[in-house]
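So the sequence shown is numbered by this note's numbering: it starts at -10 and just counts up by one.
C-beta atoms are modelled at their ideal positions from N, C-alpha and C, and glycine is treated no differently.
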Amino acid sequence: MKTDVYERITGRIVAELEQGVRPWLKPWSVEHAAGRITRPLRFNGMPYQGINVLMLWGESVAKGFAAPIWMTFKQAQEMGGHVRKGEHGSLVVYADRIRRTERDEATGEEAEREIPFLKGYTVFNVEQVEGLL
């Protein structure tokens, strides 16, 4: 059975806490971005938000990445690069709501409701990607 996204995130946070690391604290490092401290960034320069910041900071520390930029496998290909063989990606999530109109069969009335969802996907740090244009 595939582990769901909530369990993966919770497991990661618990593992860091068991090692004495508080993952909500910034792992301060000025090795990248000309000395500026930054949140993890998407390939287009937009910063990640929410739990993704904590998850990617943790991955950066664990894997020794200095660069703050992350991208999907497909984005790396679209930019002329490729993920090095044997590299493992990192989990990020996208959360939103779907609006759905449903009809109550007993009354015949329509009601709109929002259904929250969470989708996990994999990103790679630019240090795991070769040949970017």
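- Below 8 Å, too few C-beta pairs join the region 86 to 93 and the region 67 to 78 to call them touching: fewer than three.
- Comparing alpha carbon positions, the residue from 115, 113 and 86 closest to residue 101 is 86.
- Non-local beta-carbon contacts of residue 88 in its own chain, meaning distances under 7 Å to residues more than five positions away in sequence, involve 101 and 103 in chain order.
- Per DSSP, residue 83 lies in no alpha helix (DSSP H); the unbroken beta strand (DSSP E) holding it starts and ends at 79 to 92.
- In this structure, residue 50 sits away from residue 29, with a CB-CB distance that is not shorter than 8 Å.
- Residue 110 carries a strand assignment under DSSP once its states are collapsed to helix, strand and coil.
- No Cβ-Cβ contact shorter than 8 Å links residue 112 with residue 70.
- By the beta-carbon neighbour count (other beta carbons within 10 angstroms, threshold 16), residue 72 is buried.
- As the crow flies, the alpha-carbon of residue 54 is around 26 Å from that of residue 84.
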